[in-house]
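Chemist: Here it is, the structure, as structure tokens.
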Amino acid sequence: MNLTRPAGVATLAALALALAACSGSTTPGGNGATGSDAGTEKVTIVVGDRPSPDQKEAVALLDSLIAQFEDEHPDVTIESVETKWEAQTFQAMLAGGTMPTVMNVAFTEPQSLIAAGQIADITDVLQETGLGEKLNPAVLDVVTDADGRVFGVPVDVYSVGLAYNRQLFEDAGLDPDAPPTTWEQVREAAAAISDATGAAGYATYTADNFGGWMTAAAVASFGGELQNADGTAATINTPEMAGYLEVLRQMRWEDDSMGSTFVYSAQPAIQDFGAGKIGMLLNLPFDYPGLILNYQMAPEDFGFTALPQATDESRTLTGGAAKIFNPKATPAELKAAVEWIEFQNFQQYFDEETAVANAAAAAKDGSIVGLPVISPVSEEAYAQLQEWIAPYVNVIPENWVGYTSAVDSQVLVPEPRTKAQETYAEIDLVLQAVLTKQDVDLDQLLTQTEDTINSKLAR
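Numbered according to mature numbering (1 follows the signal peptide of the UniProt record, and there is no 0), the sequence shown spans residues -20 to -1, 1 to 439.
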């Protein structure tokens, strides 16, 4: 799923601490120029995903990083552009020669791009620069083909968990330090919250593909997935999907614990959660800054725990953003682009001075420091970063224990391999039907949805 976040989640903190979760990447092929200084090839790389002009702090930070990088790499010139990934325009961009040398895409995209030969193989460049050995091997599969060749760099990795309002838990007589670990416990807590406070005990996204996205996570927790392993067939009419939808049906029609809004896109739902109108919501750690900084949710009211489970195996959905590269880029351009990514995205993991300076600046700015994430780099490098920035961390670690204690041991289930967004859109309609039609024929609905998705996968 595209990492579409509520306004303000892409704050200076995200840029200063993640050094580019939302700013950008690098470059289009065909822009390189050959220089003669000391026999070194001079190149120009084009970096996509530049923040819009209204994001003044983000633009200033990116420009300062570019200036510093160019000063340290005098043979490289970076052209920063606002070009972003759009599935509808990518083919034309590639054919027209306007694809940046490097740009962000969601985890749902690389495998189809690899199969189509539309992005560059950077295996040798990763080895040459040394970046490959620094990355987290657990998240490299999303950009790796069947032969073990690597076609991108994961930079922004997430897993889905359960956000919950600790104050509403207390108001309902529940222990906020013992959040639900199973879906039956979610149902019980939702009913208690709804009865005691009038808030929706549990809510789910159901629009703009967000509902399908979070349903992929929920189905994973029941032991299933939305597609087979190679992405050639949908697996929608399954016991795992039916199991999750039955929980929703019970909460909606038997318990009346899901409130009164059943067509929810992400931002309205997150805003209502921040306002105390929702007790529990499947979500990402990345949404925490927006809740605190934009929607004024009290940090002490926020809790985040691992995705509730329906089986003995703990599974959750993973995704994120990866850098991909123009297949027409020259070796020199690819090397410069990989070096830029390491500088922009990973400098903090390997340089104490950078890590401390970024954390101190973000904390002084009132931004979020220490947000729990799945690391794109090795466990050792991530642990070292946490040690360096510990004095500046301003999240409440105790409120995240349910998540942080489980995330490293959970099975990470990837998003659907093929046409994920189209799959999610169809699941949105399933959710809306289940939550608005009490007598819906679930078996018929899931059969029709599976057939519809399979027809899309076959195109």
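Backbone N, C-alpha and C define an ideal beta-carbon position, used for all residues, glycine too.
Determine, using beta-carbon pairs with one atom in the stretch 380 to 392 and one in the stretch 421 to 434, whether at least three such pairs fall under 8 Å.
Modeler: Taking 8 Å as the limit for Cβ pairs, the verdict is that the stretch 421 to 434 does not touch the stretch 380 to 392.
Chemist: So for Phe87, helix, strand or coil by DSSP?
Modeler: Correct three-state label for Phe87: coil.
Chemist: By DSSP's criteria, Asp136 is part of a beta bridge. Which residues make up the other side?
Modeler: Looking at the DSSP assignment, Asp136 forms a beta bridge with Ala301.
Chemist: What whole-angstrom Cβ distance do Asp188 and Ala249 have, given they're in contact under 8 Å?
Modeler: The pair is not a contact, with the Cβ atoms about 11 Å apart (cut-off 8 Å).
Chemist: Any chance you could list the alpha helix (DSSP H) runs of at least 4 consecutive residues sitting entirely within the stretch 95 to 129, in chain order?
Modeler: Here the runs fully enclosed are 103 to 109.
Chemist: Using three-state DSSP, classify Gly28 as helix, strand or coil.
Modeler: Looking at Gly28 - three-state DSSP - the assignment turns out to be coil, as it is neither helix nor strand.
Chemist: Tell me the DSSP secondary structure of Pro307 in three-state form.
Modeler: Three-state result, Pro307: coil.
Chemist: Determine whether the beta carbon atoms of Asn145 and Ala301 lie at a separation below 7 Å.
Modeler: Contact: no.
Chemist: Closest by CA to Val105, which one among Gln35, Ala309, Glu234, Ser237?
Modeler: When each option's Cα is compared against that of Val105, the closest is Ala309.
Chemist: Would you check if the distance between the CB atom of residue 442 and the CB atom of Ala170 is smaller than 7 Å?
Modeler: Look at the range of the chain in this structure, -20 to 439, and you will see that residue 442 is not part of it.
Chemist: Determine the direct distance from the alpha carbon of Thr218 to that of residue 440, and round the result to whole angstroms.
Modeler: The structure shown has nothing for residue 440, since the chain only spans -20 to 439.
Chemist: Are the stretch 148 to 165 and the stretch 363 to 373 in contact at 8 Å, needing three or more beta carbon pairs?
Modeler: No, because fewer than three Cβ pairs between the stretch 148 to 165 and the stretch 363 to 373 fall closer than 8 Å, the two stretches do not touch.
Chemist: Taking only three categories from DSSP, how would you classify Ser92?
Modeler: DSSP places Ser92 in helix when its eight states are reduced to three.
Chemist: Kindly give me the distance between the Cβ atoms of Leu206 and Thr403, rounded to whole angstroms, as I take these residues to be in contact under 8 Å.
Modeler: Leu206 to Thr403, Cβ: 6 Å. Contact.
Chemist: Let me confirm a value: Thr6 is counted as buried when at least 16 other C-beta atoms fall within 10 Å, else exposed. Which label applies?
Modeler: Because the pLDDT at Thr6 is just 32, under 50, the model does not fix this residue reliably, and the value given afterwards should be weighed accordingly. Answer is buried; the Cβ neighbour count reaches 16.
Chemist: When the Cα atoms are used, what is the spatial distance from Ala126 to Pro288?
Modeler: If I take the Cα positions, the gap works out to 32 Å.
Chemist: Run through the DSSP bridge pairs and tell me what Asn325 is partnered with.
Modeler: Asn325 is not bridged to any residue.
Chemist: Can you tell me which of the three DSSP states Leu261 falls into?
Modeler: It is a strand residue.
Chemist: Just confirm the distance between the C-beta atoms of Pro265 and Leu351, as a whole number of angstroms; I'd bet it's less than 8 Å.
Modeler: Going by Cβ atoms, the distance from Pro265 to Leu351 rounds to 6 Å, so yes, they are a contact pair.
Chemist: Go through the stretch 158 to 229 residue by residue and report every complete run of the alpha helix (DSSP H) that reaches 4 residues or more, in order.
Modeler: Whole alpha helix (DSSP H) segments, 4+ residues: 163 to 177, 190 to 201, 219 to 229.
Chemist: For Gly283, list the residues DSSP reports as bridge partners.
Modeler: For Gly283, which the question treats as bridged, DSSP gives the partners Tyr144.
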